[in-house]
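Visitor: One structure is given below, represented as structure tokens, and several questions about it will come after.
Residue numbers (my numbering): 16 to 447.
This is the structure we're talking about:
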């Protein structure tokens, strides 16, 4: 196989990271989702060439990916960095001081980067109690992550209509001027949901921002109005988690899916649990929308992690591969489509350039030990994360079993480090 032909250059993402690294990196012996084993050369933050294994020169840095599946990196389209990691904190109210939020948001982003998400969208609440401090902390986190991951910040006001909403609207405009790349919020919690949406769209139009709204989606009339108001808006509109669509009658949900598809609105579901922002009157609104129905109607369906160890989900992992696993095991998607929801569709919903393992595309990649997507969604332990052409995170897992007559008799396959010098302590098995 000859080197794949270079593709036209893609526009850069919306992050404010440094210039792409000038070093060249060779990923050797990687398996692709289509079954090929290839070498992949990276340079200037992009994929320079893809060739058959052993065909590309190796007089530069090399990473041996024998035994790994190489995929476009996941992206996290729905995180909450300001509330992350607060479920088991110190006694008393959670601090939203700038330094405390920045520490939590940075730790959460690095955790998700370790799982493979090289781009993240974090929803940050702004209101008359917290003010703009959490937003400033998130923006500082974005700057501190330069070169490691790309972080987009969504400003989320509480109220935007009536006398009580005037301050929220002014604060939202200030948030965009400070550097929030996306405007969002939860219309369901405002006394006038349609007015809230109109206000968000007005600010987005003023500043050319994308829109990302929280909604449960259980009111078909409200979904229809939202679709009508946002139709064709650029740079794009995403809504989620929309679990309420699954509680509507089939015909009603199908009509809503058609309306969202016609408007070009992406739906970001949260398979791992809700984020707490669409709860009304103390009632949890968790679950998944009818993802297969939405996809059949032509809606872009992405998947995010939502709450990460906060009160809405104290055991949240922030792992995009877990979200994909749940889409495959619970929502009935093919493993390839489930992974696409946390990678290709997630990046598209966030307005990021497409990634393929082909020459010319951004070098945003994830290598996971395994042979097929279905396998890595089941046991995705060992991972190598590549952002802008360089390795930014590694996770290496080794599972060990003690020797037994059963394992010797069956001659079970082994992966990982050698048994030499280990005596009878066990055999290593690289886990996933």
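Glycine included, C-beta positions come from ideal geometry on N, C-alpha and C.
Got a sec? Which residues, its chain only, sit under 8 Å from residue 297 by beta carbon, not counting five neighbours each side?
Guide: Caution applies to residue 297, whose pLDDT of 41 falls short of 50 and renders its modelled position unreliable; the value that the coordinates give is listed next. Result list for residue 297: empty, nothing under 8 Å.
Visitor: In whole angstroms, give me the CA-to-CA distance for residue 194 and residue 137.
Guide: Rounded to whole angstroms, residue 194 to residue 137 spans 13 Å at the Cα level.
Visitor: By the three-class DSSP mapping on this structure, what secondary structure does residue 207 have?
Guide: If DSSP states are grouped into helix, strand and coil, residue 207 belongs with coil.
Visitor: If you run the structure through DSSP and keep just helix, strand and coil, what is residue 325?
Guide: Here residue 325 sits in strand by DSSP.
Visitor: For residue 42, which residues from the same chain have a beta carbon less than 6 Å from its beta carbon, with the 5 sequence-adjacent residues on both sides left out?
Guide: Cβ neighbours of residue 42 beyond the five flanking positions: 55, 78 and 80.
Visitor: For residue 142, write down the residues that DSSP places opposite it in a beta bridge.
Guide: Residue 142 is bridged to 146.
Visitor: Between which residues of its own chain and residue 279 is the CB-CB distance below 6 Å, once the five residues before and five after are set aside?
Guide: Here the set comprises nothing.
Visitor: Take residue 332 and list the residues in its own chain whose beta-carbon comes closer than 8 Å to its own, dropping the five residues that flank it on each side.
Guide: Here the set comprises 130, 287, 320 and 323.
Visitor: According to the neighbour-count rule (16 or more other Cβ atoms, all chains shown, within 10 Å of its Cβ), is residue 103 buried or exposed?
Guide: With fewer than 16 other Cβ atoms within 10 Å, it is exposed.
Visitor: Along the alpha helix (DSSP H) that carries residue 11, what are the first and last residues, could you check?
Guide: Outside the shown range of the chain, which is 16 to 447, sits residue 11, and nothing can be said about it.
Visitor: Less than 8 Å between the beta carbons of residue 94 and residue 127, yes or no?
Guide: Contact: yes.
Visitor: Considering only C-alpha positions, which residue in the set 70, 237, 158 and 284 is nearest to residue 203?
Guide: Nearest option by C-alpha distance: 237.
Visitor: Name the residue from 277, 117 and 235 whose alpha carbon lies nearest to the alpha carbon of residue 263.
Guide: Nearest option by C-alpha distance: 235.
Visitor: Over the uninterrupted alpha helix (DSSP H) stretch that includes residue 320, give me the two end residues.
Guide: Run containing residue 320: none; DSSP gives neither H nor E here.
Visitor: Just how far apart, CA to CA, sit residue 40 and residue 403?
Guide: C-alpha separation (whole angstroms): 11 Å.
Visitor: Between the segment 83 to 102 and the segment 403 to 413, do three or more beta carbon pairs fall short of 8 Å?
Guide: No, the segment 83 to 102 does not touch the segment 403 to 413.
Visitor: Looking at the secondary structure, which residues open and close the alpha helix (DSSP H) in which residue 245 lies?
Guide: It spans 235 to 245 - the alpha helix (DSSP H) in which residue 245 sits, taken as one unbroken run.
Visitor: Counting C-beta neighbours from all protein chains within 10 Å, is the total for residue 192 16 or more, i.e. buried, or is it exposed?
Guide: Result: exposed.
Visitor: So the candidates are 250, 308 and 315; which of them puts its Cα closest to the Cα of residue 356?
Guide: Ranking 250, 308 and 315 by Cα distance to residue 356 puts 315 first.
Visitor: Who are residue 165's beta bridge partners in DSSP?
Guide: Paired residues: 134.
Visitor: To the nearest angstrom, how far is it from the Cα of residue 109 to the Cα of residue 49?
Guide: The alpha-carbon atoms of residue 109 and residue 49 are separated by roughly 47 Å.
Visitor: For the pair the segment 346 to 354 and the segment 377 to 384, tell me if three or more CB-CB distances fall below 8 Å.
Guide: No, the segment 346 to 354 is not in contact with the segment 377 to 384.
Visitor: Could you name the residues of the same chain whose beta carbon sits closer than 6 Å to that of residue 84, not counting the 5 residues immediately before and after it, in chain order?
Guide: Excluding residues within five positions, the ones whose Cβ falls inside 6 Å are 46, 383, 385 and 391.
Visitor: Can the beta-carbon of residue 282 be found closer than 8 Å to that of residue 257?
Guide: It is a contact, given that the beta carbons lie within the stated cut-off.
Visitor: Could you check whether the segment 338 to 348 touches the segment 263 to 272, counting it as contact only if at least three pairs of C-beta atoms, one from each stretch, sit closer than 8 Å?
Guide: Cβ pair count under 8 Å is below three, so no.
Visitor: Give the secondary structure of residue 97 by DSSP, where H, G and I count as helix, E and B as strand, and everything else as coil.
Guide: Coil.
Visitor: Cβ of residue 395 less than 8 Å from any chain D Cβ?
Guide: Reference to chain D is not applicable here, since this structure consists of a single protein chain.
Visitor: Determine the burial state of residue 340: buried for a count of at least 16 other Cβ atoms within 10 Å of its Cβ, exposed for fewer.
Guide: Classification of residue 340: buried, given that the 10 Å Cβ count is 16 or more.
Visitor: State the CB to CB distance for the pair residue 143 and residue 182, rounded to an integer number of angstroms; the pair is presumed to be in contact (CB under 8 Å).
Guide: The pair is a contact, with the Cβ atoms about 6 Å apart (cut-off 8 Å).
Visitor: Should residue 260 and residue 305 be called a contact, given that it needs their Cβ atoms to be closer than 8 Å?
Guide: A contact, by the Cβ cut-off of 8 Å.
Visitor: Take the Cβ of residue 299 as the centre, count every other Cβ of all protein chains shown within 10 Å, and call the residue buried at 16 or more, exposed below.
Guide: Note that residue 299 has pLDDT 47, beneath the 50 cutoff, so the model's placement of it is unreliable and the number below is only indicative. Exposed is the call here.
Visitor: Going by the DSSP bridge assignment, what does residue 67 pair with across the sheet?
Guide: According to DSSP, which records beta bridges pairwise, residue 67 is partnered with 53.
Visitor: Judging by CA-CA distance, which residue of 160, 230, 59 and 44 is the nearest neighbour of residue 67?
Guide: Checking every option, the nearest Cα to that of residue 67 belongs to 44.
Visitor: If I measure Cβ to Cβ from residue 365 and keep anything under 7 Å in the same chain, skipping five residues before and after, which residues do I get?
Guide: Here the set comprises 90, 92, 134, 136 and 167.
Visitor: From the DSSP output, in three-state form, read off residue 177 for me.
Guide: In this structure, residue 177 counts as helix in the three-state DSSP scheme.
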